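Numbering (this note's numbering), first residue to last: 55 to 788. Note sheet for the following structure.
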């Protein structure tokens, strides 16, 4: 009998251990494959972690161990689904982030290969059928069969679907041909003409030489917007490929993969793409191509950090400051941390972090010499940075009497650019039409029944939506509380939809496009909209942060930031940094080529240091001021943080549990440099019908808290009424 250790598909801390199953079958069973097993009353998928041969019977084994043993139902895979490096990498991620190992495997793999029962119904390999001649003998063929046979002999393989004939079965029957199956790739990639490398300026060449020839592990390539960081990425990648290495290129948003893929395909004909917007079949095909070693370059978003590349020479993380590199569900990994783990298994591997506005943690490490600092101080074509104006929306002289959304100055600039046939970006980092719907008669506010936060009205589909949990409800014509008619329902605040409607009213002849996460739910929308705007099929692109990063639109000369203050009042220690980065990146979209650029910042806080520093593109001044604030509050990079999120359907139980854990922490950390903050109510008190409390730990060394956090997980496992999520190195503190 074989005793097989299996971790099951349920990603719960209480189940984060191998379960033993018996196997008596004749098929090969090895660690790394998936199996179908019974668990309770269900049949679920598990991942094999160990196989041990024993002479015991099931009865003897149960007697010796005191546990019941069931048999494996069936084997799903013929060979392991993860290579040796990824198996070890999963352990690293699971250990550092205190996450169930199975949750890491499920994050690493495409839907068709995940250790989940749902994977069994996901797409498998698709094949194209080809016809191949297997003999020179023409005996026994009719004239028509002979005509087709001789045509087929001219080529080695002919795609069967291209043959408009009914004669194939008869040629098969006469053993003149055979059908050859070739795996089909279901991801259709855009054809891009190959071009030569651009000539580098002195700063770019210096950065490239440092990356290629100096002995550093992590590089910070800090360059102003439009300074040509991508060209450095491309030429560094080319050299790595020539040296037999592979390259992983990460971008922070799926919307940015369109242009980055195009840039890489213009230099390398064969690349793979990995991001969450691909269909399951496309992900499966791309993953298999990478695993087979058919490609040396992968371009993708956060999850592509787990691509099954071998012999990695370079990992590039573009716009490294963007928070989307941090996953906000279990496992709470950050792509940069995973990249450092991968360096252990790829000798000589280098990591390049690119940004015009590096995160405070990254910049601090560069200043200390932990990362090697590289600079690009000029735009690649020597064009000037945009001229920036701050418009005080509290000053009545700036108000346009015909519009509450646009200042006189911004409206003048939009008119000017439209007359010159130049393009405009309008940024508002809030989607929808109105973020609040309130009854003026009884003061009732439409709120999410799960989260308790106000619902946003979306005019395009007349729906009320929760932007946190995804709850959706139909818009009503009467107040559900007092029955007040629709005239009493007040819609306040602004979103991208309202901006779009206002532009249509003020500039009826302008062609507009909108890009936000509502639009992006249709997977083909993002590349279509980006491509249309690049081809100048629209005058104005309205959007959220999706339009502010990484895009290179040659004819954009005006960026209008409709309301710069959004995000500053969020109770997060990163609110200031996030706003500065967004404004700086957005401003950098203007005037990137021959034409001069202008940016207009509309704000109710014109003297705020974040607004001022973003307007002047003064990263160093912002860095110094923000670091002072971080030091006072003892937030990263001055400390490490871990955020514990406790939740329960019973509010009293979660409060009591949170207080209990606080006392545990105080006792355990009495002689260590660990601050225990909380328990407190998070920004969103209820989520998915559960009440929430949070506790934050601040510390200098991970080893000071690691064992205690593991103990906390064990205590929660004993009380299944309380759920706990541990977020190591969180991007939020609420």
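Even for Gly, the Cβ is constructed at its ideal location relative to N, Cα and C. These numbers were taken from a predicted model, which means no experiment stands behind them.
How many angstroms separate the CA atom of residue i from the CA atom of residue j?
i	j	result
residue 780	residue 106	33 Å
residue 419	residue 510	40 Å
residue 293	residue 379	26 Å
residue 118	residue 80	26 Å
residue 211	residue 352	29 Å
residue 701	residue 322	49 Å
residue 332	residue 340	10 Å
residue 377	residue 658	25 Å
residue 562	residue 295	51 Å
residue 637	residue 314	22 Å
residue 506	residue 514	24 Å
residue 134	residue 141	10 Å
residue 615	residue 480	6 Å
residue 526	residue 655	33 Å
residue 600	residue 309	7 Å
residue 690	residue 387	17 Å
residue 587	residue 565	10 Å
residue 595	residue 125	59 Å
residue 763	residue 568	45 Å
residue 679	residue 246	45 Å
residue 718	residue 765	10 Å
With 16 as the cutoff for other CB atoms within 10 Å, does residue i come out buried or exposed?
i	result
residue 361	buried
residue 621	buried
residue 570	buried
residue 161	buried
residue 496	exposed
residue 695	buried
residue 671	buried
residue 121	exposed
residue 231	buried
residue 78	exposed
residue 173	buried
residue 94	exposed
residue 259	exposed
residue 502	buried
residue 82	exposed
residue 458	exposed
residue 424	exposed
residue 431	exposed
residue 67	buried
Let me check one thing: in DSSP terms, what residues is residue i bridge-paired to?
i	result
residue 688	Beta-bridge pairing links residue 688 to no other residue.
residue 98	91
residue 647	Paired residues: none, contrary to the question.
residue 427	274
residue 234	184
residue 695	752
residue 493	543
residue 78	None; residue 78 has no bridge partner.
Sorted by chain position, which residues of the same chain lie with C-beta nearer than 8 Å to residue i's C-beta, five sequence neighbours on each side aside?
i	result
residue 365	298, 299, 300, 400
residue 516	528, 529
residue 421	427
residue 287	303, 370, 372, 406, 408
residue 317	284, 288
residue 677	414, 417
Heavy atom of the ligand GDP less than 7 Å from the Cβ of residue i, yes or no?
i	result
residue 513	Among the components of this structure there are no ligands whatsoever, and the ligand GDP is therefore not found.
Does any CB atom of chain C fall closer than 8 Å to the CB of residue i?
i	result
residue 660	The structure shown contains no chain C; it holds only a single protein chain.
Considering only residues of the same chain and omitting the five flanking positions on each side of residue i, which have a CB-CB separation below 6 Å?
i	result
residue 233	183
residue 786	626
residue 270	426
residue 573	579
residue 753	694, 728, 759
residue 413	375
Between residue i and the rest of its own chain, which residues show a CB-CB distance below 7 Å, the 5 nearest in sequence each way excluded?
i	result
residue 265	273, 290, 404, 406
residue 176	165, 166, 334
Do the segment 84-96 and the segment 111-118 meet, that is, are 3 or more Cβ pairs less than 8 Å apart? no
Would the segment 682-695 count as touching the segment 640-659 if we require 3 or more Cβ pairs under 8 Å? no
Inspect the CB distances between the segment 479-488 and the segment 543-558 and report whether three or more fall short of 8 Å. yes
Quick one: any contact between the segment 388-398 and the segment 164-173, if contact means 3 or more CB pairs under 8 Å? no
Counting Cβ pairs, one atom from each stretch, are 3 or more of them under 8 Å apart for the segment 704-719 and the segment 468-477? no
Cβ contact check for the segment 183-200 and the segment 218-232: 3 or more pairs under 8 Å: yes
Count the CB pairs spanning the segment 246-263 and the segment 276-291 that are closer than 8 Å, and state whether there are at least three. yes
The segment 190-204 / the segment 142-156 touching (three or more Cβ pairs under 8 Å): no
Between the segment 663-670 and the segment 454-463, can you find at least three pairs of beta-carbon atoms closer than 8 Å? no
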